[in-house]
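Quick note on my numbering: the sequence shown kicks off at 370 and runs consecutively.
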Amino acid sequence: MLEGLDPLAYVSDEPGAIEVSADMGIDTLADYVAAMKSDPMALMNGNDPQGGNSFIFASVIPDALGVNMMKLPYPGHAPTVTALLTGEVQTATLPVPPILEHAKAGKVKVLGVASEQRHPQLPDVPTFKEQGYDVVANDFVMLVAPVGIPQDVRAKLEEGLLQAINSAGFTSAATDNGLVLRPGGADLAAEELAKQVDLVYPILEGAGLVAEELKRQ
């Protein structure tokens, strides 16, 4: 399926993160792990349906932190945010952008981000690595085209997209909304796509989401 896509430009990373309701009294990953081990059934995690990015991250966390996680799927980020804010779930594994305004308002607590560096919009939130857990996982934003477009058209698209991504207006708006910009051309986009496929494939296969004809030999 991905063989039909031609990466043109890389826009940004969306580091994975874990959030809890602000009134839970859980302030760090250590607090979270202790609470989960004390009573795993007390904390329900909101995430995407199987295959979505917050489902992927929720699938990485249990082994990395040594906990069992109860997952409740929602059809997208917005319903998951609502569920966390209303107390329908106690935790979520959303990337930063959809939860940013609520974190800044103190309505939710971001316990950690799964990136090498702290998130620029949440500088007080430590990374997983800073808290002793070797977890780096992120979603991404890239732009692609169908395979087979003329080379001259492809080159013009790549150039124009990079100009737009690097423009002051886009940079400001994207950064304010929680994207971690890392502009790059087709080579970077192809490299990152390959990395993500290698990370995600075993998780999707384990969940029974890889069609037989797409399984690796």
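Heads up, the beta-carbon is just placed ideally off N, CA and C, and yes, glycines get one too.
Proximal residues to residue i (C-beta, below 7 Å), its chain only, five neighbours per side dropped
i, result
"glycine 554", "Ala378, Glu527, Leu531"
"threonine 540", "Leu550"
"valine 458", "Met413, Asn414, Gly415, Leu441, Ala452"
"valine 623", "Because the chain in this structure spans residues 370 to 586, residue 623 falls outside the shown range and cannot be described."
"alanine 543", "Ser381, Leu550"
"asparagine 535", "Pro552"
Terminal residues of the alpha helix (DSSP H) in which residue i lies
i, result
"tyrosine 401", "398-407"
"leucine 453", "446-455"
"glycine 553", "Taken as a continuous stretch (DSSP letters only), glycine 553 belongs to no alpha helix (DSSP H), being part of the beta strand (DSSP E) at 549-553."
"alanine 391", "First-last for alanine 391: undefined, no H or E at that position."
"asparagine 422", "422-434"
"proline 467", "465-473"
Nearest residue (CA-CA) to residue i, options the options
i, options, result
"histidine 488", "Leu398, Asp400, Gly385", "Gly385"
"threonine 455", "Asp400, Val494, Thr397, Met393", "Met393"
"proline 418", "Tyr443, Pro376, Val465", "Tyr443"
"leucine 548", "Gln490, Asp521, Ala558", "Gln490"
"methionine 405", "Ser381, Asp382, Pro467, Asp432", "Asp432"
"proline 492", "Ala514, Val465, Val516, Leu512", "Val465"
"methionine 511", "Ala474, Glu560, Asp521", "Glu560"
Beta-carbon proximity check, residue i vs residue j, cutoff 9 Å
i, j, result
"glycine 481", "threonine 460", "no"
"aspartate 503", "asparagine 422", "no"
"serine 407", "lysine 478", "no"
"glutamine 500", "alanine 403", "no"
"aspartate 396", "isoleucine 518", "no"
"aspartate 388", "leucine 434", "Rather than aspartate, the amino acid found at residue 388 in this sequence is glutamate. Not closer than 9 Å, so no."
"alanine 558", "valine 522", "no"
Neighbourhood of residue i by C-beta, 6 Å cutoff - its chain only, sequence neighbours within 5 removed
i, result
"glutamate 574", "none"
"proline 409", "Asn437"
"leucine 562", "Pro376"
"alanine 472", "Val479"
Extent of the continuous beta strand (DSSP E) to which residue i belongs
i, result
"phenylalanine 509", "507-515"
"serine 381", "374-384"
"lysine 525", "Unbroken run through lysine 525 is the alpha helix (DSSP H), 520-534; no beta strand (DSSP E)."
"glycine 501", "Glycine 501 -> no beta strand (DSSP E), and no H or E assigned at all."
Close-in-space but distant-in-sequence residues of the same chain around residue i (CB under 8 Å, 5 per side omitted)
i, result
"alanine 533", "Phe539"
"alanine 506", "Pro384, Gly385, Ile425, Phe426, Val429, Ala483, Leu568"
"glycine 373", "Pro515, Val516"
"glutamate 485", "Thr496, Lys498, Val505"
Contact test: residue i Cβ vs the ligand ADP heavy atom, cutoff 8 Å
i, result
"arginine 551", "As for the ligand ADP, it is missing from this structure, which has no ligand bound."
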